[in-house]
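Just below is one structure, and these are the notes that go with it.
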Amino acid sequence: MAQRQDILDIAGRFRIDGTPGVAEPFGNGLINDSYLIRNTGPGVPDYVLQRINHHIFTDVDLLQSNILAVTGHIRRKLEERGEPDIERRVLRFIEAADGKPYHFDGENYWRLMVHIPRSVSYETIDPRYARYAGLAFGEFQQMLSDIDCELGETIPGFHDMEYRLRQLRQAVEQDRAGRLEGVRDIVEQLESRAWDMCLAERMHREGKLPKRVCHCDTKVNNILFDQGGGILCVIDLDTVMPSYIFSDYGDFLRTAANTGDEDDRDTGNVDFNMEIFEAFTSGYLESAGGFLTPVETEHLPYAAALFPYMQTVRFLWDYLNGDTYYKTGYPEHNLVRTRAQLKLLQSIERKTPQMRAYIEKSLAG
C-alpha cells in the first residue's frame, strides 16, 4: 500500500480542481487499489484514485480507451434524454497533466475519476436488489447497443468457452501437479457437456448470435445507488468489452442465485435460488428486452448454466496446474470450489424447465 503523501502527489499529476488534502483507502476491490481523495476548496469534487493492475489488464491504453468510449456514449444518451443529475449517473474520468487518460509513475499506472457523492453500494443480494441489478445491467447493455466504435478485449478469451476448455484439456494432458487420477469423474462430467456448453461460439460463427458491449463482471456491488435506493450507475468498467449478452446475465446469477458459497465445503448448501432468478430476470427483460433478439432471450437458461460450467472448468484447470492462478487458502481449495460449482450447475440443469416457463410467460405478458 502506497504512503498517503505519495498518493496525494500522484493525484496532483491530474488536471483536477482544488487541492488534494486527504487520501484514504476506498472500497474493497480485489484487483485495483483505490483511494478516496478528499479535496480542499469551495465547490470542488472529491476524487477516486485507482492503481490499475497492469498484470491483469496488460494493455492500459486499450483499457482506458474502452472505458472512455463507454462512459462518453452513456453520457450523451443521458443528455439526449434530458436526464437530471447526470454527474451522478455516469463515471467521469480526469486527464493526467500530459493529456493521457492515466498517469504512469515509472512503475504503476494510475487513473482518476470524480467521486459520486451521496452514493452507496451493497454486498448482499435479495429479490429486491436482484431486480434492481437486472434493471441496471439491462439498461447498461441497452444504452450501449448502438455504440459507434469497436471496443477491444481487455482480457482476451475471458468468457470464451471453447478457449477455457482448451486450457482444461491441456492441463489434463500435462497433469503437472499429479492430481488427475482423483478428478477423472469430474473431467468426464465436464466433457459430456462440452458440446452443449460451446453453443454460443457456434451460433456466433453461424451469424445467429451477435456480440454486444457487455460489462462482464455483473455483481450487485458494481452498481451505485442513491441513499433512497434508486439506481445511479454501473461502475467497475475494466472488463467492459465485446461479448455475448449471456456474460452479464449468466455470471450475475452464478454468484447471486447460489444459496451456498462459491467455495462451500458442504455441497448440500448449494442450490439455485429461483426467487433471485425471477427477480433478476424480471428487471433484465424490462430494461434490455427492447433490443434483445429472439435467439438471445430463448437461450437465457443456457446462459444461467454456462457460467457455473465455465467456472467449474476454470477451477479444475487451476487445480490440475497446481493452483497457480486463483488465490487458495488450503491445498484442496480449488477442488472444493470445483465441486461446489458443479453442484450449482446440476441444480440449474434440473430447474431449466422452470426457467424456460418463467421467461416465456414474462415475454408473453
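Once you know that position 220 of the sequence shown is 220 in the numbering used here, the rest is easy, because the numbers rise by one and skip nothing.
In this text, a Cβ means the ideal position worked out from N, Cα and C, and glycines have one as well.
The structure displayed is predicted, hence computed values, not measured ones.
Cβ neighbour criterion (16 or more within 10 Å) applied to residue i
i      : result
Ile67  : buried
His204 : exposed
Gly283 : buried
Val295 : exposed
Asn334 : buried
Ser373 : The structure shown does not extend to residue 373, since the chain is modelled only from 1 through 365, so no value can be given for it.
Gln227 : exposed
Gly138 : buried
Cys216 : buried
Thr124 : exposed
Arg184 : exposed
Gln174 : exposed
Tyr163 : exposed
Lys219 : buried
Leu30  : At Leu30, the pLDDT of 49 sits below 50, so the modelled position is not reliable; the number obtained from the coordinates is stated separately. Leu30 comes out exposed.
Asp263 : buried
Limits of the unbroken alpha helix (DSSP H) element including residue i
i      : result
Phe140 : 127-143
Tyr102 : Element bounds for Tyr102: n/a, residue is neither H nor E.
Leu232 : Run containing Leu232: none in the alpha helix (DSSP H); it sits in the beta strand (DSSP E), 231-234.
Val22  : Here Val22 belongs to no alpha helix (DSSP H); instead the beta strand (DSSP E) covers 19-25.
Pro294 : 294-298
Arg212 : Where Arg212 is concerned, there is no enclosing alpha helix (DSSP H), although the beta strand (DSSP E) it sits in stretches over 212-214.
Arg265 : That residue, Arg265, is in no alpha helix (DSSP H); it is neither H nor E in DSSP.
Cut-off 7 Å between Cβ atoms - residues of its own chain near residue i, not counting five sequence neighbours on either side
i      : result
Lys351 : Phe272, Met274
Tyr358 : Glu278, Thr281
Arg179 : Tyr319, Leu320
Arg356 : Pro301
Ala171 : Trp317, Leu320, Asn321
Pro127 : Glu275, Ile276, Ala279
Arg314 : Arg164
Within 8 Å, strictly: CB atoms of residue i and residue j
i      : j      : result
Thr312 : Leu190 : yes
Ser366 : His159 : Absent from the structure is residue 366, since the part of the chain shown begins at 1 and ends at 365.
Val48  : Asp17  : no
Ala194 : Leu165 : yes
Ile235 : Cys214 : no
Leu75  : Ser119 : At residue 75 the sequence reads Arg, which differs from the Leu that was named. No, Cβ-Cβ distance for Arg75 and Ser119 is not below 8 Å.
Leu209 : Thr297 : no
His55  : Tyr109 : no
Gly329 : Ala177 : no
Ala11  : Pro20  : yes
Ala305 : Glu332 : no
Ile86  : Glu79  : yes
Leu345 : Tyr309 : yes
Nonlocal neighbours in the same chain, by C-beta distance under 6 Å from residue i, ignoring five residues either side
i      : result
Phe307 : Gly250, Asp251, Arg254
Gly152 : Leu62
Leu112 : Phe14, Tyr47, Leu49, Ile94
Lys343 : Thr267, Val270
Glu181 : none
Residue range of the beta strand (DSSP E) that includes residue i
i      : result
Phe225 : 223-226
Leu36  : 33-40
Arg51  : 47-52
Leu112 : 109-114
Ser65  : Looking at the DSSP string, Ser65 is not in any beta strand (DSSP E); the run it does join, the alpha helix (DSSP H), is 60-80.
Pro242 : 241-243
Sequence-distant residues of its chain with Cβ nearer than 8 Å to residue i (five each side left out)
i      : result
Ile290 : First, the residue type needs correcting, since residue 290 is Gly and not Ile in the sequence shown. Answer for Gly290: Gln142, listed in chain order.
Glu150 : Pro242
Phe225 : Ser119, Val120, Ser121, Tyr122, Tyr132, Ile231, Leu232
Glu83  : Arg89
(request) State whether the segment 220-236 contacts the segment 123-136, with contact taken as three or more CB pairs (one from each stretch) at a distance under 8 Å. (result) At 8 Å Cβ cutoff, the stretches touch.
(request) Evaluate contact between the segment 57-71 and the segment 237-254, counting only Cβ atoms and requiring at least three cross-stretch pairs below 8 Å. (result) yes
(message) Does the contact criterion of 3 or more C-beta pairs under 8 Å hold for the segment 34-42 versus the segment 54-63?
(response) no
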